[in-house]
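Going from the sequence shown to the numbering used here is simple: count from 1 and add 106.
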Amino acid sequence: MIEQERIDEMIQTLKQDLPTLFEKDITYDIYSSDIFFKDPVNTFKWKFNYRIIFWTLRFHGKLFFTELFFDLHKVYPKDESTILAEWTVRGTLRVPWKARLFFNGTSTYSVNSEGLINNHLDTWDRPPGEILKQFFQRGES
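What follows is the structure, given as structure tokens:
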């Protein structure tokens, strides 16, 4: 059984890291070396790949967006070995028509018996194709 104190530490780390994930790197010591990640467009395993996805988010965020935000609404324990994070991604694309990106999501983190996150599953409030369509819509001037 995982100690509540450890879950609280991980929640604090997530609350600290997630709002700035497009600007700076996250803390990796709360994740297991064999972490499994899945969202609507990516599936992979291992901490090395997990680090790459966050580097890629920052790189593409700076390249393709004039502004990009990860608004963290809530992080809380679902049960003794699961943490949920509710969030919104929003931004303005670096295109002449200033397209806006906006979608909500939930991250579900599973904690193993060693007190490390070994599973991270993201769900989005709409399919990836619908999010991609936002890239071609005119934003506000």
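We put the beta carbon where it would ideally sit given N, CA and C, even for glycine. Remember, it's a predicted structure, so these values are computed and weren't measured experimentally.
Proximal residues to T214 (C-beta, below 7 Å), its chain only, five neighbours per side dropped: T188, L190 and L227
Cα-Cα separation between F170 and E111, rounded to whole angstroms: 39 Å
Nearest candidate by alpha-carbon position, reference P125, set R164, D140 and Y137: R164
Reduced DSSP category for N218 - H, G, I as helix; E, B as strand; rest coil: coil
Bridge partner(s) assigned by DSSP for P183: I189
Stretch pair the stretch 142 to 162 + the stretch 180 to 187: three plus CB contacts closer than 8 Å: no
For G245, the residue or residues it bridges with in DSSP: G245 pairs with nothing; no bridge assigned.
L222 versus T198: straight-line alpha-carbon distance, rounded: 35 Å
Spatial distance of D114 from S219 (CA atoms): 15 Å
Contacting residues, own chain, Cβ-Cβ under 6 Å from N225 (five flanking each side not counted): F142 and S216
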